[in-house]
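Protein chains in written order, with our numbering: chain A, 1 to 204; chain B, 205 to 489. A virtual CB, placed ideally from N, CA and C, is assigned to each residue, including glycine.
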Ligand SMILES: Nc1ncnc2c1ncn2[C@@H]1O[C@H](COP(=O)(O)OP(=O)(O)OP(=O)(O)O)[C@@H](O)[C@H]1O
Ligand SMILES: [Mg+2]
């Protein structure tokens with residue numbers, strides 16, 4: 001089973017393509033790294049794969065079938081700014097359980113404390129919020145996780161901690177992961193394979 | 205002890221923070237307006253009995269706003285008139301708000317719906333308010349219903365725009381995309397994510413509509429297109445008093461006019477303060 005982006009072309013403005021004929025494929029259970037220069041369109045590709053952006057050419061396909069636009073999306077995206085990923089008027093426990101009731105053992109492994117659940121988003125740090133965003137996205141229905149610079153806001157130790165937890169859960173649920181990061185070391189440590197966006201993007 | 209003295213020296217308000225001060229202002233002004241409405245409703249017909257032995261009296265301690273040519277107490281007439289104005293304003297603003305919310309939500313349903321809403325907003329904006337109210341009021345056969353519908357149908361445009369822009373802005377938020385990816389329906393997202401954000405704006409919009417509604421009602425009635433002369437409306441009082449101004453009975457117009465102004469300013473003040481509470485950053489724009 002794999003997630004494929006086939007012949008993806010996209011531009012925010014009409015005559016300014018950012019992605020041109022991009023092909024990318026992630027297997028279930030695989031951890032694939034995606035690197036590229038700043039502004040080269042990595043985040044844009046992530047949004048397209050996760051169905052946030054729909055005005056693109058080409059198809060996003062799982063097992064030969066287009067991802068349905070309704071219902072739970074098996075491709076979940078987590079990105080750099082967790083504070084934008086939460087409704088500021090919701091309590092953390094509602095945010096956490098919006099998609100499914102997150103089991104206690106996942107909360108424990110992410111180190112999410114009980115007392116955090118009754119707080120508002122602005123009462124938590126970026127790293128703490130990101131744990132919620134990850135726990136929320138890793139449901140049994142998730143088949144692929146797209147991680148767009150998810151640990152840029154935390155220190156090296158926390159970064160390693162968070163990634164260890166994510167890799168554990170991902171292995172257990174047999175989820176495929178696309179990792180976007182500027183840090184070569186991190187990519188080399190985490191990923192089975194690495195693709196360079198400029199190499200698969202024929203935009204000039 | 206020294207701090208207590210300082211607090212007293214600087215006045216009652218200095219002990220409160222900005223938020224408490226704002227809340228106090230809102231509370232006091234609302235109380236004033238509520239008192240007017242309650243007293244105007246509880247004052248019966250008998251309080252306005254004609255008494256020709258005391259007609260055209262200038263203001264005194266017994267009749268603070270004076271009396272008219274039929275000996276009726278102008279203070280009571282003013283209170284009744286203001287109460288009526290506030291109630292009509294309330295009805296009109298509520299209807300206006302409902303219209304605005306429905307159209308604002310409609311505009312987020314799709315491109316065609318959005319252009320339709322923009323078109324109808326522009327259409328209503330291109331007609332002067334007063335003219336529109338008079339036309340609708342005449343069309344509805346005058347009276348309170350005519351004025352309410354007239355005022356309601358001419359004041360929804362501003363709030364519709366606010367609601368429309370607000371929804372647009374919220375819909376681009378990342379957590380809306382996430383909610384959709386977690387399998388939530390459009391309806392679910394609209395009620396759980398979008399609508400709660402709109403409530404403060406809607407509340408504020410309604411209150412800011414009040415002063416306009418009240419002034420427009422008064423002016424349409426003053427011009428003779430609104431409430432009937434039997435109603436105890438401020439517009440009626442003012443237009444009647446015009447006949448007596450040349451006779452030197454200035455209090456007939458002065459106090460009711462001033463009171464109307466105070467009520468309008470009171471609503472404006474509530475709106476302003478509420479705006480500061482809801483969004484302290486935008487309050488100064
Ligand atoms: N919403 C948008 N509207 C218009 N242009 C955009 C938008 N988002 C991104 N862009 C442009 O698209 C290009 C690709 O942006 P993208 O965020 O995908 O880059 P990136 O590879 O993720 O960069 P970084 O490594 O800095 O995160 C950039 O030139 C950016 O300016
Ligand atoms: Mg990026």
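Practice prompt. Note down the Cα distance separating residue 237/B from residue 442/B, rounded to an integer number of angstroms.
Written response: In the second chain, residue 237/B corresponds to position 33, counting from 1. In the second chain, residue 442/B corresponds to position 238, counting from 1. Rounded to the nearest whole angstrom, the C-alpha separation of residue 237/B and residue 442/B is 20 Å.
Worksheet item: Hey, would you say the C-beta of residue 12/A is under 8 Å away from at least one heavy atom of ligand 1?
Response: Against the first chain, residue 12/A aligns to sequence position 12. Correct: residue 12/A has its Cβ closer than 8 Å to ligand 1.
Item to complete: Determine which residues of the stretch 375-392 of chain B have a Cβ less than 9 Å from any Cβ of chain A, and write them out in chain order.
Response: Listed in chain order, the positions of the stretch 375-392 of chain B with a beta carbon within less than 9 Å of a beta carbon of chain A are 377, 378, 379, 380, 381, 382, 383, 384, 385, 386, 387, 388, 389.
Item to complete: Counting only the same chain and skipping the five closest in sequence on each side, list residues whose C-beta sits under 7 Å from that of residue 177/B.
Response: Here chain B comprises residues numbered 205 to 489, so residue 177/B is not present and cannot be evaluated.
Discussion item. Strictly below 7 Å CB to CB, what residues from chain A border residue 400/B?
Written reply: Position 196 of the second chain, counted from the start, is the residue given in the question as residue 400/B. Within 7 Å Cβ-Cβ: 89.
Discussion item. Can you tell me whether residue 473/B is helix, strand or coil according to DSSP?
Written reply: As a first step, residue 473/B must be located in the second chain, where it is residue number 269. When DSSP states are grouped into helix, strand and coil, residue 473/B belongs to the helix group.
Worksheet entry | Range of the contiguous beta strand (DSSP E) that encloses residue 148/A | Sequence index remark: in the first chain, residue 148/A carries index 148 (1-based). 144-148 is the extent of the beta strand (DSSP E) around residue 148/A.
Worksheet item: When every heavy atom of ligand 2 is checked, does at least one fall within less than 8 Å of the C-beta of residue 189/A?
Response: Mapped onto the first chain, residue 189/A falls at position 189. Because no heavy atom of ligand 2 lies under 8 Å away, the Cβ of residue 189/A does not count as near it: no.
Worksheet item: When the Cα atoms are used, what is the spatial distance from residue 474/B to residue 466/B?
Response: Here residue 474/B refers to the residue found at position 270 of the second chain. Here residue 466/B refers to the residue found at position 262 of the second chain. One C-alpha to the other measures close to 12 Å.
Item to complete: Tell me whether residue 330/B sits in a helix, a strand or coil according to DSSP, three-state version.
Response: Stepping through the second chain from its first residue, residue 330/B is reached at position 126. The DSSP-derived three-state label of residue 330/B is helix.
Worksheet item: Among all the DSSP beta bridges, which residues are the ones paired with residue 6/A?
Response: For this step, residue 6/A is matched to residue 6 along the first chain. DSSP lists 59/A as partners of residue 6/A.
Worksheet entry | Length of the line joining the Cα atoms of residue 382/B and residue 306/B | Locating residue 382/B in the second chain gives position 178, where the first residue counts as 1. Locating residue 306/B in the second chain gives position 102, where the first residue counts as 1. Going by the C-alpha atoms only, they are around 26 Å apart.
Discussion item. Determine whether the beta carbon atoms of residue 286/B and residue 438/B lie at a separation below 9 Å.
Written reply: Counted from its first residue, the second chain places residue 286/B at position 82. Counted from its first residue, the second chain places residue 438/B at position 234. Closer than 9 Å, so yes.
Worksheet item: chain B beta carbons: is any one of them nearer than 9 Å to that of residue 52/A?
Response: Walking along the first chain from the start, residue 52/A turns up at place 52. By this cut-off, residue 52/A is an interface position.
Discussion item. I'd like to check one pair, residue 255/B with residue 265/B: are the Cβ atoms closer than 9 Å?
Written reply: Taking the first residue of the second chain as position 1, residue 265/B is located at position 61. Taking the first residue of the second chain as position 1, residue 255/B is located at position 51. Not a contact, by the Cβ cut-off of 9 Å.
Fill in: Enclosing alpha helix (DSSP H) for residue 76/A [first to last residue]
Stepping through the first chain from its first residue, residue 76/A is reached at position 76. The continuous stretches of alpha helix (DSSP H) do not include residue 76/A, which lies in the beta strand (DSSP E) extending over residues 75-78.
Item to complete: Could you tell me the distance, in whole angstroms, from the CA atom of residue 87/A to the CA atom of residue 165/A?
Response: Position 87 of the first chain holds residue 87/A. Position 165 of the first chain holds residue 165/A. Between residue 87/A and residue 165/A, the C-alpha separation is close to 25 Å.
Worksheet entry | Rounded Cβ spacing between residue 7/A and residue 57/A (contact assumed at less than 8 Å) | Numbered from 1 along the first chain, position 7 holds the residue referred to as residue 7/A. Numbered from 1 along the first chain, position 57 holds the residue referred to as residue 57/A. With a Cβ gap of about 7 Å, residue 7/A and residue 57/A count as contacting.
Worksheet item: In the DSSP assignment, what are the bridge partners of residue 13/A?
Response: Numbered from its first residue, the first chain carries residue 13/A at position 13. In the DSSP assignment, residue 13/A is bridged to 16/A.
Practice prompt. Alpha carbon to alpha carbon, how far is residue 178/A from residue 34/A? Give it in angstroms, no decimals.
Written response: Locating residue 34/A in the first chain gives position 34, where the first residue counts as 1. Locating residue 178/A in the first chain gives position 178, where the first residue counts as 1. Their backbone Cα atoms lie some 7 Å apart in a straight line.
Fill in: Cα-Cα separation between residue 476/B and residue 470/B, rounded to whole angstroms
Residue 476/B sits at position 272 when you count from the first residue of the second chain. Residue 470/B sits at position 266 when you count from the first residue of the second chain. Roughly 10 Å separates the two Cα atoms.
Worksheet item: Are the stretch 39-46 of chain A and the stretch 81-97 of chain A touching, with three or more C-beta to C-beta distances below 8 Å?
Response: Too few Cβ pairs lie closer than 8 Å, so no.
Discussion item. If distances are taken between C-alpha atoms only, which option among 198/A, 159/A, 175/A comes closest to residue 185/A?
Written reply: By one-based count along the first chain, residue 185/A stands at place 185. Measuring C-alpha to C-alpha distances from residue 185/A to each of 198/A, 159/A, 175/A identifies 159/A as the nearest.
Worksheet item: From residue 222/B to residue 404/B, what does the alpha carbon distance come to, in whole angstroms?
Response: The sequence position of residue 222/B within the second chain is 18, counting from 1. The sequence position of residue 404/B within the second chain is 200, counting from 1. Approximately 19 Å between the Cα atoms of the pair.
Worksheet item: According to the Cβ coordinates, are residue 150/A and residue 195/A closer than 9 Å?
Response: Counting from one through the first chain, the residue named residue 150/A turns up at place 150. Counting from one through the first chain, the residue named residue 195/A turns up at place 195. No.
Item to complete: Would you decide whether residue 182/A is buried or exposed? Buried here means 16 or more other CB atoms lie within 10 Å of its CB.
Response: Your numbering for residue 182/A matches position 182 in the first chain. When all chains shown are included, residue 182/A counts as exposed.
Practice prompt. Go ahead and label residue 158/B buried or exposed: buried means 16 or more other beta carbons lie within 10 angstroms of its beta carbon, across all protein chains shown.
Written response: There is no way to answer for residue 158/B, as the model of chain B reaches only from 205 to 489.
Item to complete: Find the residues of chain A that neighbour residue 397/B, judging by a C-beta separation of less than 7 Å, and give them in chain order.
Response: What you label residue 397/B is simply residue 193 of the second chain in a count that begins at 1. Those are 87, listed as they occur along chain A.
Worksheet item: Which class does residue 212/A belong to by DSSP, given the choice of helix, strand or coil?
Response: Only positions 1 to 204 of chain A appear in the structure, and residue 212/A is not among them; the question remains open.
Worksheet item: Of all the options 276/B, 409/B, 435/B, which has the alpha carbon lying nearest to the alpha carbon of residue 421/B?
Response: The residue labelled residue 421/B in the question sits at position 217 within the second chain. Out of 276/B, 409/B, 435/B, 435/B has the C-alpha closest to the C-alpha of residue 421/B.
Worksheet item: Helix, strand or coil: which one does DSSP assign to residue 195/A?
Response: Here the question's residue 195/A lines up with position 195 in the first chain. Residue 195/A falls in the strand class under three-state DSSP.
Item to complete: Helix, strand or coil for residue 275/B, going by three-state DSSP, please let me know.
Response: If you number the second chain from 1, residue 275/B lands on position 71. Three-state result, residue 275/B: coil.
Worksheet item: In whole angstroms, what separates the C-alpha of residue 396/B from that of residue 361/B?
Response: Reading the second chain from its first residue, position 192 is the one you call residue 396/B. Reading the second chain from its first residue, position 157 is the one you call residue 361/B. Roughly 25 Å between the two C-alpha positions.
Fill in: Same chain, Cβ closer than 7 Å to residue 107/A, neighbours up to 5 away in sequence not counted
Counting from 1 along the first chain, the entry for residue 107/A is found at position 107. Excluding residues up to 5 positions away in sequence, 135 lie with their Cβ nearer than 7 Å to the Cβ of residue 107/A in the same chain.
Worksheet entry | Spatial distance of residue 478/B from residue 235/B (CA atoms) | Indexing the second chain from 1 puts residue 478/B at position 274. Indexing the second chain from 1 puts residue 235/B at position 31. In a straight line, the C-alpha of residue 478/B is about 15 Å away from that of residue 235/B.
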